[in-house]
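First comes the structure, then the notes that go with it.
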Amino acid sequence: MLCEQIIAPDFPTLTTSGTVGDAMLIFEDHNLNALPLLQGEHLMGLLSLEVLQTLDERNSLDSVVVRNISIGSDQHIYIALNTLTQANTGLLPVLDQQQRYLGVITDASILSGLATMLDVHKSGGAILTIQMKKLDYSLSQLTRLIESGDANIMQLNTYTDMETENIWVNIRLDRMEISDIVSTLQRYEFNVVHFWGNEMYENELRRNYEALLNYLSI
């Protein structure tokens, strides 16, 4: 998913031909902390409310101090997310290949984009979380074991635990009943940390546990 696909609709902007007083009204109307400042079709930067509040309301916006931050419309959503995180800002202006302003990515719009990309709106499908060492990670082996249980991987993502350097693998499947798949993965010594699906497997464990307690109480 590209940045041009997650631009927030109808986001307000400021222009260099306006005044500080004009800008203050827009900030108040929309309850925002920063806004893009434009000169024609081109972005000058992000103007913060904090900076604006130090200026005389009669001053023009053509000489205010702005923050220079933007991203290309053809960049991936992951790059936008990293930029927003590193810059500690809730707004990321988007520019086309001619450096013309197209709009902004907001926290809400990027979250919506990630939800769409991860297909979280789709109901159904069990979720597995597996922890392993980097050297043990093999997508082909995971795929083979899961498909041997007549299931398909619909979504997979990984992240690295910075403290242990272990990889956490989150997998969503195309079916809910996964007791046989969990058993298969554990048989091949995969550490299935969490799983969410039908309760058949959980109920089976509970029945075995209760049977053991009954046996011990005889």
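Numbering of the sequence shown is given in the UniProt record's numbering, commencing with residue 1 and proceeding in unit increments.
All residues carry an ideal CB built from backbone N, CA and C; glycine is no exception.
What residue from the options has the CA that sits closest to residue i's CA?
{"i": "P12", "options": "D29, M44 and L2", "result": "D29"}
{"i": "G45", "options": "L2, R100 and E165", "result": "R100"}
{"i": "V66", "options": "Q131, N33, Q141 and E189", "result": "N33"}
{"i": "R187", "options": "Q75, I146 and L173", "result": "I146"}
{"i": "L173", "options": "P93, I79, G21 and M154", "result": "M154"}
Compute the Euclidean distance between the alpha carbons of residue i and residue j, then round it to the nearest angstrom.
{"i": "I6", "j": "S109", "result": "6 Å"}
{"i": "L61", "j": "T54", "result": "13 Å"}
{"i": "E185", "j": "V120", "result": "According to the sequence displayed, residue 185 carries Leu and not Glu. If I take the Cα positions, the gap works out to 24 Å."}
{"i": "L14", "j": "N152", "result": "49 Å"}
{"i": "L81", "j": "T19", "result": "32 Å"}
{"i": "M47", "j": "Y159", "result": "Correcting the residue type first, residue 47 is Leu in the shown sequence and not Met. Computed Cα separation, rounded: 34 Å."}
{"i": "T116", "j": "L38", "result": "30 Å"}
{"i": "S183", "j": "D161", "result": "25 Å"}
{"i": "M200", "j": "I178", "result": "Interpretation of M200 is limited by its pLDDT of 48, a score under 50 that renders its predicted location unreliable; the figure taken from the coordinates is listed afterwards. So the alpha carbons of these two residues sit roughly 8 Å apart."}
{"i": "D150", "j": "K122", "result": "20 Å"}
Below 8 Å on the Cβ atoms is my contact criterion, and I expect residue i with residue j to pass it. Report the Cβ-Cβ distance as a whole number of Å.
{"i": "F27", "j": "L49", "result": "5 Å"}
{"i": "I77", "j": "L114", "result": "7 Å"}
{"i": "L91", "j": "T106", "result": "6 Å"}
{"i": "T129", "j": "N157", "result": "At roughly 11 Å, the Cβ-Cβ gap does not stay under 8 Å, so T129 and N157 are not in contact."}
{"i": "M176", "j": "N198", "result": "5 Å"}
{"i": "L52", "j": "A23", "result": "6 Å"}
By the 10 Å Cβ neighbour count, where 16 or more other Cβ atoms means buried, how is residue i classified, buried or exposed?
{"i": "L25", "result": "exposed"}
{"i": "V64", "result": "buried"}
{"i": "P9", "result": "exposed"}
{"i": "A71", "result": "Here the sequence assigns Ile to residue 71, which means Ala is not the residue at that position. Buried."}
Is residue i near the ligand ADP, going by C-beta to nearest heavy atom under 6 Å?
{"i": "Q97", "result": "Looking for the ligand ADP in the displayed structure turns up nothing, as the structure carries no ligands at all."}
Counting only runs that start and end within the region 137-189, where is the alpha helix (DSSP H) found for 4 or more residues in a row?
With a minimum length of 4 residues, the continuous alpha helix (DSSP H) runs that stay inside the region 137-189 are 139-147 and 179-187.
Ignoring anything shorter than 3 residues, give me the beta strand (DSSP E) runs that lie fully in the region 4-84, in order along the chain.
Listed in chain order, the complete beta strand (DSSP E) runs (minimum 3 residues) inside the region 4-84 are 34-39 and 42-48.
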